[in-house]
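Worksheet for the structure shown next.
There are 2 protein chains.
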Amino acid sequence: MDLTNHQFRLAARPVGLLKDSDWSYTEEPVGEPGDGEVLVRIQFISLDPAMRGWVNEGRSYIPPVGIGEVMRALAAGEVIASNHPEVAVGDHVTGLLGVQEYAIAHGGAVTKVDISLAPLPVHLGALGMPGMTAYFGLLDIGRPQEGETVVVSGAAGAVGGVAGQIARLKGARVVGIAGGPEKCRYVVEELGFDAAIDYKAQDVSAGLGEHCPKGIDVYFDNVGGEILDAALVHLARHARVVICGAISQYNATGPTGLNAMKGPSNYMSLLVNHASMTGFVVTDYLDRYAEGAREMGGWLAAGKLKTREDIAEGFETFPATLLRLFSGENTGKLVLKVADA
Amino acid sequence: MDLTNHQFRLAARPVGLLKDSDWSYTEEPVGEPGDGEVLVRIQFISLDPAMRGWVNEGRSYIPPVGIGEVMRALAAGEVIASNHPEVAVGDHVTGLLGVQEYAIAHGGAVTKVDISLAPLPVHLGALGMPGMTAYFGLLDIGRPQEGETVVVSGAAGAVGGVAGQIARLKGARVVGIAGGPEKCRYVVEELGFDAAIDYKAQDVSAGLGEHCPKGIDVYFDNVGGEILDAALVHLARHARVVICGAISQYNATGPTGLNAMKGPSNYMSLLVNHASMTGFVVTDYLDRYAEGAREMGGWLAAGKLKTREDIAEGFETFPATLLRLFSGENTGKLVLKVADA
Chain A
17 MDLTNHQFRL AARPVGLLKD SDWSYTEEPV GEPGDGEVLV RIQFISLDPA MRGWVNEGRS
77 YIPPVGIGEV MRALAAGEVI ASNHPEVAVG DHVTGLLGVQ EYAIAHGGAV TKVDISLAPL
137 PVHLGALGMP GMTAYFGLLD IGRPQEGETV VVSGAAGAVG GVAGQIARLK GARVVGIAGG
197 PEKCRYVVEE LGFDAAIDYK AQDVSAGLGE HCPKGIDVYF DNVGGEILDA ALVHLARHAR
257 VVICGAISQY NATGPTGLNA MKGPSNYMSL LVNHASMTGF VVTDYLDRYA EGAREMGGWL
317 AAGKLKTRED IAEGFETFPA TLLRLFSGEN TGKLVLKVAD A
Chain B
17 MDLTNHQFRL AARPVGLLKD SDWSYTEEPV GEPGDGEVLV RIQFISLDPA MRGWVNEGRS
77 YIPPVGIGEV MRALAAGEVI ASNHPEVAVG DHVTGLLGVQ EYAIAHGGAV TKVDISLAPL
137 PVHLGALGMP GMTAYFGLLD IGRPQEGETV VVSGAAGAVG GVAGQIARLK GARVVGIAGG
197 PEKCRYVVEE LGFDAAIDYK AQDVSAGLGE HCPKGIDVYF DNVGGEILDA ALVHLARHAR
257 VVICGAISQY NATGPTGLNA MKGPSNYMSL LVNHASMTGF VVTDYLDRYA EGAREMGGWL
317 AAGKLKTRED IAEGFETFPA TLLRLFSGEN TGKLVLKVAD A
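Residue numbers (the working numbering), protein chains in the order written: chain A, 17 to 357; chain B, 17 to 357.
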């Protein structure tokens, strides 16, 4: 095959907000898959807040991306060559395929997906990592009970939108927090949340007081910062705070200084309310993905779960498109379309 | 009876560190106990970090002390008059008797204590509220397993010293954090902790790295602030952080500004490690006090639990003596002796 691959590689260890100079754009011929490997033509690259963490140095749940390496990313595409007995040419797969146009991966490291159930980008969203994140974080850690009040930040995002819908399916009253009237409308009218608070226009604490008169039983947090602090003030007794992310803080430059990581100063609300704050990453639940995918697929097929994909186009826009996550511009799952089907 | 009572009353809503002008010193005749009431001659007043919270305005687990009211405090003394069938003159009791020399309370609101098991001040310490705090916080929330690593801050204090000893009794390896060489010596040599870190002389994070090579499984926090942040860096997978107190932050003046409440900026360690942070107050466990008192009493009688009381003298020193808690001067349970036996 005479195919050319393009890639974004990490060029420097980023400080604060990602810059163009943190990336290098490379071109190389596509290689041949080895024994047990498959060659995937990538159609969609998933852009996820976690990617900001993957380029930081230091101990985390996953090793950092090395300087010079192809940027790590989940992606979806079509198999165009296979040396693996269980993956065939024409199969659609997802996996950690990287920010590139073609990827060679071991056949056992990709997941075959059914595009008759949902279009390919949905397998990077509600049926992929963000969906599993919402499912296990909400149900295993948040454990909402019927009639309880659940608050979700980043409610118009890929994870928050699903988390809130699952909470509703489990009989909870759900309040979303999102930025701007359009996102708030989307969350209430399309996703079916009971209420939404526009953090750009309203005082979040006042809004929570109004919409959660009996306090918050489960707070599913994607954003951290001042919104987390506002939610802590309104916890009910025995509340569960699920720490799923902290996108407002991912570009903090260190423990001190003007742009320091902000911890939740109202954390003593945990003491007063006998409440807990528990973190997780979705890979903690790898051994239960099949369970989550089955239930989520069922809800999707039954029309009980709405999804939206925010599809940007053009491989070369990757550095700028990724930044949309941190400026809060996307609604639903942000993916980068790299090639047509 | 022609007895005179002296009292410290809250004179102003304090801001930051407590000042002399926040208190008024009053004198009045001792009244007669009414139906079902007892009159207690107070011998020891318990000085506890929680008292700083009780004088703050606003929602908490207990209503704030009102301006003009006798300051709330646990105390121990001898019954000198009784109109309650189950409490006799000569009984020793503890209860929320206030910062005063004599108290009238309902007989059902005081707890009879056995001074043949331990001297009266111990019933305000290891066998009282601080002991129950350590017992339930460590065992119900921290849940240390044999061979796990437990770290306790405020390790030379009334709660921390007991929490660490209970962790040892349950087979954990225990590291204390305390201020100064004398407290560290006390924690290791007298209380039997495996190691101690002097936060005034050592880098706490480096010390934790050295003494907890496999990470911290249970962190029992009494202090908050930078020490909590250092501990978060060293959490093991599935660690449990017990939020018992935050004495370094109790005199913070608000959510922002130079003397603001400091939240744990490293709380994303909860996410990376699938760890939890859970708060509690001891009154959450009122219905299980008998269980705690029985087990703690057994350990004390068997010599398995060491206690130390730091006894200050002189009722009129109350405002200054209370401040010793916040400057870290006391070792063990701080009590104010008000009268001889």
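Glycine included, every Cβ here is placed at the ideal spot set by N, Cα and C.
- Message: Give me the subset of the stretch 50-78 of chain B whose CB atoms are less than 7 Å from a CB atom of chain A, sorted by chain position.
- Response: S76 and Y77
Original post:
When burial is assigned at 16 or more other CB atoms within 10 Å of the CB, is B/D245 buried or exposed?
Top reply: buried
ask   = Does A/P30 have its Cβ less than 8 Å from a Cβ in chain B?
value = Not closer than 8 Å to any Cβ of chain B, the Cβ of A/P30 fails to qualify, so no.
* Please classify A/P348: does DSSP put it in a helix, a strand, or coil? => First, the residue type needs correcting, since residue 348 of chain A is Gly and not Pro in the sequence shown. Looking at A/G348 - three-state DSSP - the assignment turns out to be strand.
Is the CB of A/A262 under 8 Å away from at least one CB in chain B?
-> yes
Practice problem: Measure from the C-beta of B/A276 to each C-beta in chain A and report whether the shortest distance is under 8 Å. | Solution: yes
>> B/I193 and B/A150 - do their beta-carbons sit closer together than 8 Å?
In response: no
Item to complete: Determine the direct distance from the alpha carbon of B/L90 to that of A/V288, and round the result to whole angstroms.
Response: 19 Å
Could you name the residues of chain A that B/H290 contacts, counting a contact when the two beta carbons are closer than 8 Å?
T294, G295, F296, V297 and D300
Using beta carbons (cut-off 8 Å, strictly below), is A/I259 in contact with chain B?
So, interface residue.
For A/V257, collect the residues of the same chain with a Cβ closer than 6 Å to its Cβ; drop the 5 residues on either side in sequence, then sort them by chain order.
Y235 and M293
Review point. For chain A, is any of its Cβ atoms less than 8 Å away from the one on B/G147?
Key: no
Are any of the Cβ atoms in chain E nearer than 8 Å to that of A/P197?
No chain E is present in this structure, whose protein chains are A and B.
* Assign B/A264 to one of two classes, buried (16 or more other C-beta atoms within 10 Å of its C-beta) or exposed (fewer than that). => Inspection of the sequence shows that residue 264 of chain B is occupied by Ser rather than by Ala. Buried.
Checklist entry - Using the C-alpha atoms, what's the distance from A/I58 back to B/T299? => result 58 Å
| Is B/L133 near B/G313, with beta carbons less than 8 Å apart? | yes
| query | Can you list, in chain order, the residues of its chain whose CB lies under 8 Å from that of B/G163, leaving out five sequence neighbours each side? | reply | G187, A188 and R189
task: Figure out for me which residue from A/A119, A/P135, A/N282 and A/D156 has the closest Cα to the Cα of A/H364.
output: Shown here, chain A extends from 17 to 357; a query on residue 364 of chain A therefore has no answer.
Below-8 Å beta-carbon distance, B/Y283 vs any chain A residue = Yes, contact with chain A.
inquiry  = For A/G344, tell me which candidate among A/P65, A/S37, A/G231 and A/L34 has the shortest Cα-Cα distance.
reply    = A/P65
Consult DSSP for B/L55 and reduce its assignment to one of helix, strand or coil. strand
Q.
Let me check understanding here. Comparing Cα to Cα, which of A/A174, A/D51, A/F331 and A/V56 lies closest to A/L207?
A. A/A174
| query | Using a Cβ-Cβ cut-off of 7 Å (strictly less than) and excluding sequence neighbours within five positions of A/K199, which residues of its own chain qualify? | reply | A172 and T347
| said: Could you pull the DSSP bridge partners for B/W39 from this structure? | reply: B/L26
> Which first and last residues belong to the alpha helix (DSSP H) in which A/I182 is found?
Replying inline: Run containing A/I182: A174 to L185, per the alpha helix (DSSP H) assignment.
Note to self: Within a Cβ cutoff of 6 Å, which residues of the same chain sit near B/L321, ignoring the five residues on either side of it in sequence?
What the structure shows: The residues Q181 and W315, in chain order, have a CB closer than 6 Å to that of B/L321 in the same chain once the five nearest residues on each side in sequence are set aside.
inquiry  = Helix, strand or coil for A/P79? Go by DSSP, reduced to three states.
reply    = coil
message = I'd like the span of the beta strand (DSSP E) that includes A/T165, first residue to last.
response = Its beta strand (DSSP E) spans residues T165 to S169.
Does DSSP put A/Y235 in a helix, in a strand, or in coil? strand
ask   = A/N267 to A/I120, Cα distance in whole Å?
value = When rounded, the distance between both Cα atoms is 31 Å.
- Residues near B/E242 in its chain [Cβ-Cβ closer than 7 Å; skip 5 each side]: none
- If you draw a straight line from the C-alpha of B/G158 to the C-alpha of B/D233, how long is it? 9 Å
Please identify the residue among A/R29, A/V54, A/L248 and A/E311 whose C-alpha is closest to the C-alpha of A/T102.
According to the sequence displayed, residue 102 of chain A carries Glu and not Thr. Comparing Cα positions, the closest option is A/V54.
Next on the checklist: Considering only DSSP beta bridges, list what B/Y118 is partnered with.
Outcome noted: In DSSP, B/Y118 forms a bridge with B/R57.
Q. In chain order, what residues of the same chain have a beta carbon less than 6 Å from the beta carbon of B/G295, not counting five sequence neighbours either side?
A. Taken in chain order, the residues that qualify are I259.
Fill in: Exposure of B/R184, with buried meaning 16 or more beta-carbon neighbours within 10 Å
B/R184 should be labelled buried.
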